[in-house]
Each structure stands twice: as C-alpha cells, then as structure tokens.
Amino acid sequence: MIKFTGVYKRYTNQYEALSGLSFELAKGEMAFLTGHSGAGKSTLLKLIALIERATHGQVLVNDQNLTRLPQGKIPYYRRQIGLVFQDHNLLHDRTVFDNVALPLVIAGENHREIGRRVRAALDKVGLLNKERNLPIALSGGEQQRVGIARAVVNRPPILLADEPTGNLDPDLSRDIMHLFEQFNQVGVTVFIASHDLDLIKTLPYRQVILHKGRLAQQDEQ
Amino acid sequence: MKMINLNLKNYLLRHMQVMLFTLGRIWRQPLASLMTFMVIGIALALPASLYVLLKNIEKVSTQWDDVAQISLFLKQDVNETQAQKLVSELKAWPEITAVNYQSASQSLEEFRQLSGLGSLLDTLPTNPLPAVVIVKPDSKDLQADAISRLLSRLKVLPVVEQAQLDMEWLQRLRSINETGQRGISILGLLLSLSVLLVIGNTIRLAILNQQSEIRVIKLVGGTNTFIRRPFLYTGFWYGLLGGMVAWLTLLFTMSLINGPINELASQYNSQFTLVWLSGPMMLILPFTGMILGVMGAWLAVGRHLSAIEPT
Chain A
1 MIKFTGVYKR YTNQYEALSG LSFELAKGEM AFLTGHSGAG KSTLLKLIAL
51 IERATHGQVL VNDQNLTRLP QGKIPYYRRQ IGLVFQDHNL LHDRTVFDNV
101 ALPLVIAGEN HREIGRRVRA ALDKVGLLNK ERNLPIALSG GEQQRVGIAR
151 AVVNRPPILL ADEPTGNLDP DLSRDIMHLF EQFNQVGVTV FIASHDLDLI
201 KTLPYRQVIL HKGRLAQQDE Q
Chain B
1001 MKMINLNLKN YLLRHMQVML FTLGRIWRQP LASLMTFMVI GIALALPASL
1051 YVLLKNIEKV STQWDDVAQI SLFLKQDVNE TQAQKLVSEL KAWPEITAVN
1101 YQSASQSLEE FRQLSGLGSL LDTLPTNPLP AVVIVKPDSK DLQADAISRL
1151 LSRLKVLPVV EQAQLDMEWL QRLRSINETG QRGISILGLL LSLSVLLVIG
1201 NTIRLAILNQ QSEIRVIKLV GGTNTFIRRP FLYTGFWYGL LGGMVAWLTL
1251 LFTMSLINGP INELASQYNS QFTLVWLSGP MMLILPFTGM ILGVMGAWLA
1301 VGRHLSAIEP T
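Keeping their order, the protein sequence lines are chains A and B.
Under the numbering used here, residues 1 to 221 are what the first sequence spells out, in order.
Under the numbering used here, residues 1001 to 1311 are what the second sequence spells out, in order.
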C-alpha cells in the first residue's frame, strides 16, 4: 500500500531529513512510526500526504507514483488519505458537524449523504451528542476524536496520524489507539507516528523505527 | 440523465450555500464591511454623478437648439424682389422650417430701438445695415455637421454676403461637453481600477485571516477551485453591495440638488427637469460593482492562494 524505495529528502538549508529510506507497508496493515524527535517521522508522513515531495527516490502509495503526480491531482490524491494531527487542525468557527463534513462537502457529496455519513463517523468516535458544539467547547481528547471522525468520514483506504496522542493522558491515549485499531479491523491501512513507547509496547503491531533519516530496525513484535 | 441532473442540482446547491455563507460572514463584520461598501460606493458614484451632470448639460443644450438660427446678411446691392425670391426659394428647402425677411430699413429701425443710438444714425448719409434673412433649420436634423453643411450651402448663394450661425457658443459648449465625457471615461476607468484594488486588498486580508482554514481544506483534499469559490463570492457581494451604495449615493445627491435646479429653471421660464439615470443605467452601477468585485477577488486569490501550502 505504501512503498518507499531509496527515498531522500533534503531541505534547502542542506539539512537531510531522510537518507535513502526504503520500507513497505502492506494493504490493511497497521504500524507505528517511531524514533527520536528529528529522526524524520514528520517528513516521512508529509511525503505520503504529498505535503512535501521527495528529493530522490520513489514513493508509491495505493499504486500511484507520487514523484510523478502533477500538482493539480494532489487534492484528489489526498482524498484517499485520512490525516490526523497532534493539534487536531479543526476549524474553530464551525461546529463539530461542519468540521467532520468538510471532506464530504469538498468531494461534492449531496446533502442527505453528508448528514448520514457525518453522524455515522461521529457515532463511531462517540461524539454524536456534540455535533452542534464548537470545537472550543470540547476537551482535548474530544477534539482529537473529532479530528479522527473527519479523517475517516469519506472512508479513505489509508489513515495517517502524526502524534495523535501527544497531548493526551494515558487513558485517553489508549482509547484513541483503540479507535485506530477498529478502523484497521475493517481494512484501513493505518500508519501512526508516535513516541509514546509505553503505549506502543502494549499493542501487537509492527514498528518502523527511524534514526537520523534511516531505518533503524524493523521489529515484528 | 437523472444522475447528471442530480449532480447539477448538487452543484447549484453548493454555490447557493457558499453565496449565503459568504454573505453571512460579511454580515458578521458589519462595521468593516460597511466601510468597504462605502469606499466602493463613493468610487463608483463619482463618475456616475459626473455622467448624470453631463447628460443634463447635453439636455439643456439640445433644448437650446430650438433657438438655433442662421442669419443671412444680404449684399448691399440686392433689391427687394431678389430678396423675396430668395425667401420663397429657401422656404422650399426641406431642412429649413421657417424663413423671415427683414429689410435694410427694418434692420435700421430695430437697431435704433435696441441700441438707443438713434440720433447718431440720423447723421449717416445712407443706411449701413444690410437686409437680413433669418433661417430656422429643421429641428430634426440639428446635428452639428448637418447644420454646418446647411451653413456652407447658404454661404455660397450669390445674393448672400455673409451667413452666420447664431449658435457657435452652443457648439463650443458641446465640445466642452465632449471633452468632459472623455475626462469622465478616464476618471471612471481610474476609479474602477481603485475599486478593483480595494476589493483585491480586502480579499487579500480575508485570505490572510483564513490561512489556517485554507491549509486544513488543502489537507483534506480541497481543490483550488473549491478554496477560491468563497473568496470570489465575497468579492461578488462587496462589489454588488458597493454598487448599491453608489446607487443610493447618487439618488441622494440628485434629490438634494433637484429642488434648487427646479427653482433655477423656473426663474429662466424653462420647463427643465433634471435627467436621472435611466432604469438600465441604474442597473449598471451594481452590475459594474459586481464584475469589478469578482475580478478583484480573482486577482487577489490567484496571487495569494498558491503561497499558502500546508507544512
């Protein structure tokens, strides 16, 4: 589903974030991306989401060669990927419902379908009763779940998360990880960058460990 | 087919939603929006009111066309019969409605009455004044070139010493009017440009304000078209509502000067009433505003949108 082959990413200031990285994630797999700060985790996720482009090497996602994808196709490509961020990236002047509906509105879904799918997604993350609230009225954990609902509402085959539990206490973190597991169980490929090693250790998924822009080791736990 | 209909319906529905959404956003910042409307409105009202002014001058000058007349001063040696022959000849010309003959002695009498120099005239051995034929051109073809054509035809008549158009000042007024019109076009163009820039700048600020929102929309797969749409509609509203402010400003100023103008006209025994912008012209103001709004927004969005990329 996701395949990196000899990928380099060099920023303009000569800083090399990724140095010849190769790895592969199978369809329907769930894995963690770990490593110290500055190891290149965020850069790796940005390459998958096409927020950045690789300097060298090949990135294949869902059978599409990202190095060759023209700029105009990027929005359509991104609709296949659900993105979850540490700081949620919610729109604070819109209700929970409108936030979750955003990807469907963008995709031009009709009104009734939007209502149906937004409620299904909110139900899944347990926030159905908060659809009329503004994000600011929710707790950190709830805001993160709104972010997850938005990421899955258009049923993307791939779900990427960058430190989704970074600001949450252990109990809430476990709940969030459990949510990701549930999406994985229905066939979504899930890739989570995290440094919450204590939590990750308790979960039975592969770790892709980065060290200074290279693969450190691959643990099959 | 049904599918296409459904898509079209969705598409129109989404445009309606964006339209109302952007209007709501403008509504929620009443003060800032009002100021923008005022700037646009005044910038549009200025050339429009000058245009109305010129229209009125034009109307006045066409009213005065009725008094346009050509005086033909006959040669000294032309006798009464020749003069009468000329009069009946001229009456047959289609472009002439009336011909009046005034003999040399009548001219003298008139001059004596009007000038009060009667005793001076008595000292002259002969009457120095010529006989005059006053020609009134048909008011239907009162165009400047038609009249000057008539004038040149009259000038070459053998018995005519001199033909003089008593409306040269009117032609000068017309030239001034024409110059004014050109000036207004240029002013209108410049002010339209300023409307474009005002709207462009307003949209630019809106874009900067919504940078994080634009980033999020890009991250969840929003195309540039989708992101551009609300800004274009914002420009649309600013232009349209600014155009309406211009319309109201014009209406207001004209109602202010309508009273004095009527008074002035009645003092001149004139039936003159102020010409207002006609119905279609009234539509042109909001419409121009709307076009300028969308264009300004388009320029601003095109310039700034690509600079905002998720990081």
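Even glycine gets a Cβ: it sits at the ideal position worked out from N, Cα and C.
Treat the numbers as computed from the prediction; the structure is a model and nothing was measured.
If we count the other Cβ atoms within 10 Å of its Cβ and call it buried at 16 or more, is Leu104 of chain A buried or exposed?
buried
Original post:
In whole angstroms, what separates the C-alpha of Trp1169 of chain B from that of Asn1224 of chain B?
Top reply: 60 Å
### Task
Tell me the start and end of each unbroken beta strand (DSSP E) in the segment 183-218 of chain A that is at least 3 residues and wholly inside, in chain order.
189-193, 206-211
| request: Work out the CA separation of Gln86 of chain A and Thr189 of chain A for me, nearest whole Å. | output: 19 Å
Tell me which same chain residues have a C-beta within less than 7 Å of the C-beta of Asn133 of chain A, skipping the five on either side of it?
Thr95, Val96
Contiguous alpha helix (DSSP H) assignments of at least 4 residues, all confined to the segment 83-119 of chain A:
96-107
Review point. Would the beta-carbon of Thr1253 of chain B fall within 8 Å of that of Ser1049 of chain B?
Key: yes
>> Quick check: is the beta carbon of Ile106 of chain A nearer than 8 Å to any beta carbon in chain B?
In response: yes
For a cutoff of 8 Å on Cβ pairs, would you count Ile148 of chain A as touching chain B? no
State buried or exposed for Pro136 of chain A, treating a residue as buried only when at least 16 other CB atoms are found within 10 Å of its CB.
The sequence shown places Ile at residue 136 of chain A, not Pro. By the neighbour-count rule (16 or more Cβ atoms within 10 Å), Ile136 of chain A is not buried but exposed.
- Task: Less than 8 Å between the CB atoms is what I'm expecting for Val1294 of chain B and Gly1235 of chain B, so what's the real figure, rounded?
- Result: 5 Å
Is it true that the CB of Phe1231 of chain B sits closer than 8 Å to the CB of Ala1206 of chain B? yes
Report task. Can you check DSSP and say which residues form a bridge with Ile1134 of chain B? Result -> B:Ser1071, B:Asn1100
Report task. Indicate the three-state DSSP secondary structure (helix, strand or coil) for Ile1186 of chain B in the structure shown. Result -> helix
Enclosing alpha helix (DSSP H) for Tyr1238 of chain B [first to last residue]: 1224-1267
Between the segment 1128-1136 of chain B and the segment 1097-1105 of chain B, do at least 3 Cβ pairs fall closer than 8 Å?
yes
Exposure label - Arg78 of chain A; buried when at least 16 CB within 10 Å | buried
* Asked: Whose Cβ in chain A lies nearer than 9 Å to the Cβ of Arg1174 of chain B?
  -> By Cβ distance, chain A contributes nothing, its closest Cβ being about 56 Å from Arg1174 of chain B, past 9 Å.
Report task. Measure the CB-CB distance between Lys41 of chain A and Leu50 of chain A and report whether it falls below 8 Å. Result -> no
- Task: Determine the contact status of Gly1243 of chain B and Thr1202 of chain B, defining contact as a CB-CB distance below 8 Å.
- Result: no
Original post:
If you count every other CB in all the chains shown that lies within 10 Å of the CB of Lys9 of chain A, and 16 or more means buried, which is it?
Top reply: buried
Test item: CB-CB of Gly213 of chain A and Ala17 of chain A under 8 Å: yes
Note to self: Check this for me: beta carbons of Ile1147 of chain B and Leu1165 of chain B, under 8 Å apart or not?
What the structure shows: yes
Other residues of its chain near Ile192 of chain A: CB distance less than 7 Å, five sequence neighbours each side excluded = Phe32, Leu33, Ala161, Pro164, Phe180
Looking at the structure shown, is Ala17 of chain A part of a helix, part of a strand, or coil, going by DSSP?
strand
Roughly how many whole angstroms lie between the Cα atoms of Ser19 of chain A and Ile114 of chain A?
42 Å
> Taking Cβ-Cβ distances below 8 Å as the criterion, which residues of the segment 1014-1028 of chain B are in contact with chain A?
Replying inline: Arg1014
* Asked: Is the shortest distance between the beta-carbon of Ile176 of chain A and the beta-carbons of chain B less than 8 Å?
  -> no
Fill in: C-alpha distance - Asp169 of chain A paired with Gly1296 of chain B, whole-angstrom precision
49 Å
**Prompt:** For Val7 of chain A, which residues from the same chain have a beta carbon less than 8 Å from its beta carbon, with the 5 sequence-adjacent residues on both sides left out?
**Reply:** Leu18, Gly20, Leu21, Ser22, Leu47, Ala54, His56, Gly57, Gln58, Val59
(message) Please tell me whether Phe1226 of chain B has its Cβ less than 8 Å away from any Cβ of chain A.
(response) yes
Ile51 of chain A versus chain B: which residues are under 8 Å apart at the beta carbon? Leu1219, Glu1309, Pro1310, Thr1311
Coarse secondary structure for Met30 of chain A, derived from DSSP in three states: strand
Applying the 10 Å Cβ sphere with the 16-neighbour rule, what's the burial state of Tyr1268 of chain B? exposed
| Does the beta carbon of Val1301 of chain B sit closer than 8 Å to a beta carbon anywhere in chain A? | no
Item to complete: Could you check which residue in A:Lys73, A:Leu102, A:Gln71 has the C-alpha nearest to that of Glu1213 of chain B?
Response: A:Leu102
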